[in-house]
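Residue numbers (this note's numbering): 301 to 547. So the structure is just underneath, and the comments pick up after that.
Below you can see the structure in the form of structure tokens.
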């Protein structure tokens with residue numbers, strides 16, 4: 301009997317060693333919620349664009365869902381990697397703060413991603429060979445100064461926002477300030493594109509992309525607040541632990 305108990309304890313100890321660490325579970329959870337956020341982004345952009353098929357400018361429904369679906373496809377792989385790294389490096393956060401930050405980051409991605417697609421379309425002539433880009437927006441963008449300034453501003457803003465998300469030494473106030481600085485650069489980059497040739501069709505697409513991505517970021521923020529379980533609650537946090545289920 302004692303030998304059986306000893307063997308059982310050894311097996312349980314081996315299973316505990318092979319089990320995924322709390323940080324690893326949180327990383328997997330964040331990846332799952334990145335997927336959920338991208339699905340929410342695609343759903344929101346379709347539902348917002350759908351009324352334009354029957355009321356208003358039908359071209360909006362003709363190009364926005366397809367173009368943003370292309371953007372969502374591009375975001376899957378880097379979103380998976382960045383979500384895993386962020387989940388592994390961080391602890392759970394309060395839900396209210398997590399969803400607000402998630403919505404803000406999502407809005408930045410939607411705004412920047414939409415204009416980045418316009419930049420690639422102008423740089424590589426996507427409008428001539430891809431149906432998703434058959435509707436040309438901001439026709440003067442490719443021959444303007446903004447065409448050369450946009451990638452520099454967008455990359456700089458991305459670096460600043462990444463620092464605010466991944467830096468372990470920065471406190472919340474520094475993170476907030478750097479995120480606001482990145483937001484200002486992203487907004488400036490987008491308005492530079494709009495200023496080249498004001499296009500209501502393009503502006504509508506940018507707004508739909510921003511709102512849809514903010515909703516997707518909100519959904520991902522809900523997962524960021526929950527992923528990892530009680531083992532990833534930071535010391536001193538006010539997050540309530542899950543009560544054990546009654547047997």
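Just so it is clear, CB atoms sit at the ideal spot from N, CA and C, and this is done for glycine as well.
Rounded Cβ spacing between residue 518 and residue 406 (contact assumed at less than 8 Å): For a cut-off of 8 Å, the C-beta gap from residue 518 to residue 406 is around 7 Å, short enough to register as a contact.
Exposed unless 16 or more other CB atoms sit within 10 angstroms - verdict on residue 327: buried
Alpha helix (DSSP H) segment containing residue 366, residue limits: Taken as a continuous stretch (DSSP letters only), the alpha helix (DSSP H) holding residue 366 covers 358-389.
C-beta contact flag for residue 403 and residue 521 at 8 Å: yes
Straight-line Cα distance separating residue 532 from residue 302: A caution first: residue 302 carries a pLDDT of 45, below 50, which makes its placement in the model too unreliable to give a value.
Proximity winner among 463, 418, 539, 459, relative to residue 492 (alpha-carbon distances): 418
Chain-order list of residues whose beta-carbon lies under 6 Å from that of residue 457 (same chain, five-residue window excluded): 482, 485, 486
Inside the region 416-457 only - beta strand (DSSP E) runs reaching at least 3 residues: none
Cα-Cα separation between residue 472 and residue 389, rounded to whole angstroms: 15 Å
Residue 323 - containing alpha helix (DSSP H), residue span: 322-349
Contact between the region 326-346 and the region 362-374 (3+ Cβ pairs under 8 Å): Result yes; three or more Cβ-Cβ pairs closer than 8 Å.
Contacting residues, own chain, Cβ-Cβ under 6 Å from residue 499 (five flanking each side not counted): Non-local beta-carbon contacts of residue 499 in its own chain, meaning distances under 6 Å to residues more than five positions away in sequence, involve 437, 438 in chain order.
Per-residue burial, residue 349 [other beta carbons within 10 Å of its own, 16 or more giving buried]: Burial is judged here by how many other beta carbons sit within 10 angstroms of a residue's own beta carbon; residue 349 has at least 16 and is buried.
Residue 531 - DSSP class collapsed to helix/strand/coil: helix
Distance CB(residue 352)-CB(residue 341) smaller than 8 Å: The answer is no: Cβ separation not under 8 Å.
Cβ-based neighbour list, residue 358, same chain, cut-off 8 Å, excluding 5 preceding and 5 following: 352
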